[in-house]
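Take a look at the structure below.
Numbering (the working numbering), first residue to last: 61 to 235.
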């Protein structure tokens with residue numbers, strides 16, 4: 061599996077089920093915020109996300125937010141949805157992923173990273189030895205670095221997401 065290839069690609073975070081997580085063999089999840097749980101800079105999650113978080117936690121999966129955003133953005137959001145967090149995680153470098161994993165007392169292969177960016181979330185998960193679920197971005201984000209990353213992702217996403225597909229399983233049979 062290549063460093064830019066996610067384990068699974070889905071449309072929205074709410075498409076992740078406890079059954080899928082069990083199938084992946086994970087006990088913990090690291091969640092991005094912007095364009096994963098909420099629109100960028102928004103304090104309120106996308107519709108259905110809070111209920112989804114509660115359902116995932118009830119299934120026994122541990123969850124921590126792991127974001128590159130600043131503490132003043134992430135901590136209040138994490139508190140509002142009832143989760144612990146790691147801010148300024150420096151994705152795709154493994155530091156933040158490892159700090160979040162250690163908060164949950166998990167081994168890398170039992171953790172899945174969920175986010176909307178290939179060059180931060182997927183690459184970082186693969187570098188840290190974790191599984192990953194790539195989501196489609198739901199909101200426009202201004203800023204030159206995100207615009208460049210989105211342009212670089214375009215070809216990879218085209219291969220992953222077929223027209224109208226909501227679930228693309230990238231895993232090899234021996235994974």
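Each residue gets a CB set at the ideal place from its N, CA and C atoms; glycine is no exception. Just so you know, these numbers come straight off a predicted model, no measurement behind them.
Beta-carbon gap between residue i and residue j smaller than 9 Å
{"i": "residue 133", "j": "residue 93", "result": "yes"}
{"i": "residue 183", "j": "residue 63", "result": "yes"}
{"i": "residue 192", "j": "residue 66", "result": "yes"}
Straight-line gap, residue i to residue j (C-alpha atoms, nearest Å)
{"i": "residue 216", "j": "residue 194", "result": "11 Å"}
{"i": "residue 208", "j": "residue 199", "result": "16 Å"}
{"i": "residue 141", "j": "residue 204", "result": "29 Å"}
{"i": "residue 143", "j": "residue 218", "result": "33 Å"}
{"i": "residue 157", "j": "residue 84", "result": "18 Å"}
{"i": "residue 77", "j": "residue 87", "result": "13 Å"}
Simplified DSSP assignment, three categories, for residue i
{"i": "residue 193", "result": "strand"}
{"i": "residue 116", "result": "helix"}
{"i": "residue 125", "result": "strand"}
{"i": "residue 93", "result": "coil"}
{"i": "residue 184", "result": "helix"}
Cβ-based neighbour list, residue i, same chain, cut-off 7 Å, excluding 5 preceding and 5 following
{"i": "residue 138", "result": "125, 144 and 145"}
{"i": "residue 152", "result": "179, 180, 183, 184 and 187"}
Sequence-distant residues of the same chain with beta carbon closer than 6 Å to residue i, five excluded per side
{"i": "residue 196", "result": "71"}
8 Å Cβ shell around residue i - same chain, five flanking residues per side excluded
{"i": "residue 116", "result": "76, 78, 81, 89 and 123"}
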